[in-house]
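Chains as they are written, first to last, in this note's numbering: chain U, 652 to 784; chain C, 652 to 784; chain E, 652 to 784; chain A, 652 to 784. Note that beta-carbon positions come from the ideal geometry of N, C-alpha and C, so glycine has one too. Values in this document were obtained by computation on a predicted structure and should not be read as measured data. Here's the structure we're looking at; comments come further down.
There are 4 protein chains.
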Amino acid sequence: MIKSKIDIRVRYEETDKMGVVYHAKYFTWFEVARIELLDHIGCPYRELEERGYFLPVLQCQAKYHMPAHFDDRLKVHVEISREPVARIEISYQVYRGADLLATAQTTHAFIDQGGKLIRPPKSFLERAGQYFS
Amino acid sequence: MIKSKIDIRVRYEETDKMGVVYHAKYFTWFEVARIELLDHIGCPYRELEERGYFLPVLQCQAKYHMPAHFDDRLKVHVEISREPVARIEISYQVYRGADLLATAQTTHAFIDQGGKLIRPPKSFLERAGQYFS
Amino acid sequence: MIKSKIDIRVRYEETDKMGVVYHAKYFTWFEVARIELLDHIGCPYRELEERGYFLPVLQCQAKYHMPAHFDDRLKVHVEISREPVARIEISYQVYRGADLLATAQTTHAFIDQGGKLIRPPKSFLERAGQYFS
Amino acid sequence: MIKSKIDIRVRYEETDKMGVVYHAKYFTWFEVARIELLDHIGCPYRELEERGYFLPVLQCQAKYHMPAHFDDRLKVHVEISREPVARIEISYQVYRGADLLATAQTTHAFIDQGGKLIRPPKSFLERAGQYFS
């Protein structure tokens with residue numbers, strides 16, 4: 652299993668007139684958490700793209716249990732629980748203290764600059780693989 | 652079944668450095684489609700909120716089949732296929748011409764200003780109900 | 652003078668917890684208005700980029716006179732009042748009915764893919780020039 | 652003079668198809684910097700709103716000197732250089748290392764829940780005033 656986490660402080664821009672964070676904004680936090688996870692295993696996403704590997708979102712889903720508010724300090728836990736082969740499944744949990752605000756999953760696959768599905772880069776598979784042996 | 656659709660022209664702001672629309676932006680289009688659907692059945696969302704009814708997103712999910720690009724003219728089809736009772740399930744399809752770019756679902760329930768789950772307003776149930784008799 | 656205008660219906664996503672549209676969101680509307688203006692003179696921005704011409708924002712400013720609210724139907728007037736040479740100055744006015752909500756200006760120049768300042772494409776100068784003879 | 656600064660790591664969501672940060676996204680960073688500045692002088696914005704004081708943007712402007720890219724680590728310097736009375740003028744500088752990417756200003760005034768201009772809260776004037784004696 653690969654795990655990491657990030658700190659988020661809710662921006663005013665992320666709220667809506669209901670006084671809470673707009674549901675779609677969480678997906679940007681998940682992106683930040685994913686980037687951190689890739690840093691954590693030694694495969695910074697910036698470098699992957701520089702080498703021609705892109706990792707778009709193929710699927711995403713989220714459940715919102717409690718709302719997040721402006722200025723909240725949140726923890727976003729991010730985890731890859733199955734060894735990535737072609738598809739990469741990532742899950743997320745958003746906490747404010749002990750309260751679980753939201754859970755989510757995203758599914759990814761590597762594509763090249765032209766948008767064609769490709770095998771993940773060897774370096775990624777090796778580094779990610781170490782967490783599952 | 653309640654159905655409607657909207658036209659979307661992709662904004663530059665909605666794209667990312669991959670040259671395509673960022674996945675989370677679709678959820679704003681789905682919001683626009685939902686608002687249109689509520690107009691269509693005679694329950695404008697603005698009025699629901701003025702009467703103290705709020706309709707947050709409890710769950711959402713999306714699958715991305717093909718990317719959308721800047722300046723694309725898209726159709727977002729929106730549909731409620733089961734009569735809404737407490738929970739309201741809405742599905743979406745994003746088309747560019749004949750190409751299906753994405754499919755999605757959102758789940759909603761009415762809450763009051765304090766965030767408490769409440770029964771949908773009668774007017775909404777009646778108007779929505781007419782499409783399922 | 653080159654003039655055009657667009658219709659905007661305020662999205663929920665564009666509001667913040669103050670209950671009004673977040674100030675930075677207006678700049679996306681101005682982008683939409685600019686794109687329309689370029690269509691209007693026969694130089695769609697999509698085609699400019701396909702030919703290697705990019706038109707970033709070098710400067711921007713806005714004054715907010717009255718807030719915009721969710722679901723408001725707005726008109727954004729857009730105007731180039733001086734013949735564009737190297738720099739292109741565009742101004743904007745946001746109206747809700749007779750009420751002027753905001754005024755703004757953006758300044759642009761053409762760059763190539765590498766980010767280098769370049770002369771505007773001839774076709775753009777000719778088409779824009781016709782409005783100033 | 653009141654000064655503070657924040658660290659920003661550029662999110663993928665903040666980029667556009669030009670491969671750089673979309674101009675309007677900087678204003679969200681300025682918001683984050685402003686919130687930090689208010690923390691710094693002991694007037695957290697969250698508390699100001701809880702006491703009925705809102706601080707909308709009345710004017711804003713920015714100049715973009717060099718583009719920011721995905722994953723860049725930036726510093727946003729924020730400063731109030733004149734003692735705030737009714738109007739509060741805040742300026743910003745965005746740096747990547749020694750490179751100045753952008754400069755900006757925003758102007759604010761306090762309003763109440765109803766949107767009426769009001770005098771700043773005493774606690775704010777006192778705390779801010781200490782930096783200008």
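Report task. For Cys-694 (chain A), go through chain E and note every residue whose CB falls closer than 7 Å to its CB, in chain order. Result -> Those within 7 Å of Cys-694 (chain A) in chain E number zero; the least Cβ separation is about 18 Å.
Query raised in the report: In whole angstroms, what is the alpha-carbon distance linking His-674 (chain E) and Pro-735 (chain U)?
Result: 41 Å
Query raised in the report: Where does the unbroken beta strand (DSSP E) through Ser-655 (chain E) begin, and where does it stop?
Result: 653-660
Query raised in the report: Would you report the Cα separation of Leu-709 (chain A) and Tyr-704 (chain U), rounded to the nearest angstrom?
Result: 43 Å
Query raised in the report: Could one say the Cβ of Thr-666 (chain E) lies closer than 9 Å to chain A's Cβ atoms, at least one of them?
Result: False, the Cβ-Cβ gap to chain A never drops below 9 Å.
Requested in this report: Check each candidate in E:Gln-764, E:Val-683, E:Leu-689 and name the one with the smallest Cα separation from Val-671 (chain A).
Outcome: E:Gln-764
Report task. Would you list the one or two residues that DSSP bridges to Ala-755 (chain E)? Result -> E:Ala-713, E:Tyr-743
Query raised in the report: Quick one: Cα of Pro-771 (chain U) to Cα of Pro-707 (chain U), how far?
Result: 12 Å
Query raised in the report: In terms of alpha-carbon separation, which member of E:Glu-687, E:Asp-667, E:Phe-783 lies closest to Arg-662 (chain C)?
Result: E:Glu-687
Report task. Report the rounded CA-to-CA distance for Arg-747 (chain U) versus Ala-755 (chain U), giving the unit in angstroms. Result -> 15 Å
Query raised in the report: If you measure from the beta carbon of Ala-719 (chain E) to each beta carbon in chain A, is any gap under 9 Å?
Result: no
Query raised in the report: Between Thr-758 (chain A) and Arg-685 (chain A), what straight-line distance do the alpha-carbon atoms span, to the nearest angstrom?
Result: 11 Å
Query raised in the report: Does the beta-carbon of Lys-668 (chain A) have 16 or more other beta-carbons within 10 angstroms, so that it is buried, or is it exposed?
Result: buried
**Report entry** Beta-bridge pairing of Leu-725 (chain C) - partner residues as DSSP gives them
**Finding:** C:Ile-659
Requested in this report: On the DSSP bridge assignment, give the partners of Ala-760 (chain E) in chain order.
Outcome: DSSP links Ala-760 (chain E) through a beta bridge to E:Arg-738.
Requested in this report: Tell whether a beta-carbon distance below 9 Å holds between Ala-779 (chain A) and Leu-768 (chain A).
Outcome: no
Requested in this report: Quick one: residues in its chain with C-beta nearer than 6 Å to the C-beta of Val-729 (chain A), no 5 flanking neighbours on either side, listed in chain order?
Outcome: Leaving aside the five residues that flank Val-729 (chain A) on each side, the residues in its chain whose CB is nearer than 6 Å to its CB run, in chain order, Ser-655, Ala-684, Leu-688, Tyr-743.
Report task. Label Glu-682 (chain E) either buried or exposed according to how many other C-beta atoms from any shown protein chain fall within 10 Å of its C-beta, with 16 as the threshold for buried. Result -> buried
Query raised in the report: For Lys-714 (chain A), which of A:Arg-733, A:Ile-739, A:Asp-658, A:Leu-751 has the nearest alpha-carbon?
Result: Comparing Cα positions, the closest option is A:Leu-751.
Query raised in the report: Alpha carbon to alpha carbon, how far is Lys-773 (chain E) from Met-652 (chain E)?
Result: 18 Å
Query raised in the report: If you run the structure through DSSP and keep just helix, strand and coil, what is Val-671 (chain C)?
Result: coil
Requested in this report: Express the C-alpha separation of Met-717 (chain U) and Glu-701 (chain U) in angstroms, rounding to a whole number.
Outcome: 38 Å
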